[in-house]
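Quick note: the sequence shown, position 21, residue 21 per the numbering used here, numbers continuous.
Presented below is the structure to which this report refers.
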Amino acid sequence: MDAAATARTSERCGAAAVSVLTEPEYFRGSLADLESVRAAVCLPILRKDFILDPYQVYEARAHGADAVLLIVAIISPGELRSLLKTAHSLGMTALVEVHDREELEQALAVDPKIIGINNRHLADFSVSLETTVQLRPLVPEDKLVVSESGIHTRHDVKTLEDIGIDAVLVGEALVRSADPARKIGELLNKVYHCLPEIESETSRADR
Numbered sequence: 001m002d003a004a005a006t007a008r009t010s011e012r013c014g015a016a017a018v019s020v021l022t023e024p025e026y027f028r029g030s031l032a033d034l035e036s037v038r039a040a041v042c043l044p045i046l047r048k049d050f051i052l053d054p055y056q057v058y059e060a061r062a063h064g065a066d067a068v069l070l071i072v073a074i075i076s077p078g079e080l081r082s083l084l085k086t087a088h089s090l091g092m093t094a095l096v097e098v099h100d101r102e103e104l105e106q107a108l109a110v111d112p113k114i115i116g117i118n119n120r121h122l123a124d125f126s127v128s129l130e131t132t133v134q135l136r137p138l139v140p141e142d143k144l145v146v147s148e149s150g151i152h153t154r155h156d157v158k159t160l161e162d163i164g165i166d167a168v169l170v171g172e173a174l175v176r177s178a179d180p181a182r183k184i185g186e187l188l189n190k191v192y193h194c195l196p197e198i199e200s201e202t203s204r205a206d207r
């Protein structure tokens, strides 16, 4: 997948931000992808990786990221606090990701601005939006809440909107879609929002 092209499509179709995978071993991402996306769009960019060391936060900033993903399940409370402090010192935001109530309590203890609720269960990798449904009421209203994983349809998005979710992080649905622009439009309930430029590109290709 062309990361820059996908980011441009996302920006054109109304995305509020873009997430860039930079983990090379499991997800075949790279910092080069982060740089290419930074050059391609004006949207805020989230570096999505297994962030374990403050150096990676500095690295993310140097390559153009505005935010980093901090996964509570893979770091200690002390590490979470340190990484969040580093991000803030660089003028960055952190998406602090949780999977269950215990992790949510750990996350709230460091007072992040953004909480990400991942609907994928780490034990068996099954996915259920019910995770977000159960955890959302436990998050204070002054936090921005993002639902992650398992979001494939407009119905999924509407379900999450109805319980007060502020944003959704969508990856697999776009990667698997033959027409990412149309998929983004579907999720945002703006199917036709993306069509004019797509059609004009097709027209230019035909001429």
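Just so you know, even glycine gets a beta-carbon here, dropped at the ideal spot from N, CA and C.
Buried or exposed: where does residue i fall if 16 or more other Cβ atoms within 10 Å of its Cβ makes it buried?
| i | result |
| --- | --- |
| P112 | buried |
| R61 | buried |
| N189 | exposed |
| I74 | exposed |
| P180 | buried |
| S149 | buried |
| S128 | exposed |
| A65 | buried |
| V175 | exposed |
| T6 | buried |
| A3 | buried |
Measure from the C-beta of residue i to each C-beta in chain C and report whether the shortest distance is under 8 angstroms.
| i | result |
| --- | --- |
| H99 | The structure shown contains no chain C; it holds only a single protein chain. |
How long is the line joining the alpha carbons of residue i and residue j, rounded to whole angstroms?
| i | j | result |
| --- | --- | --- |
| S147 | H63 | 26 angstroms |
| A123 | P44 | 32 angstroms |
| L144 | V98 | 13 angstroms |
| P77 | K85 | 12 angstroms |
| A109 | P140 | 12 angstroms |
| L160 | E25 | 32 angstroms |
| A39 | S30 | 15 angstroms |
| C13 | D156 | 18 angstroms |
| L83 | D53 | 7 angstroms |
| S177 | E186 | 11 angstroms |
| T22 | F50 | 9 angstroms |
| T9 | D166 | 21 angstroms |
| L169 | E79 | 24 angstroms |
Thinking residue i and residue j are a contact (beta carbons under 8 angstroms), I'd like their distance in whole angstroms, please.
| i | j | result |
| --- | --- | --- |
| L95 | V57 | With a Cβ gap of about 13 angstroms, L95 and V57 do not count as contacting. |
| A67 | L46 | 5 angstroms |
| L34 | V20 | 5 angstroms |
| R136 | I117 | 7 angstroms |
| L69 | R101 | Not a contact, Cβ separation roughly 20 angstroms. |
| K183 | A173 | 6 angstroms |
Name the DSSP bridge partner or partners of residue i?
| i | result |
| --- | --- |
| S147 | I117, V168 |
| R154 | None; R154 has no bridge partner. |
| A67 | L46, T93 |
| S19 | L46 |
| V110 | Paired residue(s): none; V110 is not in a bridge. |
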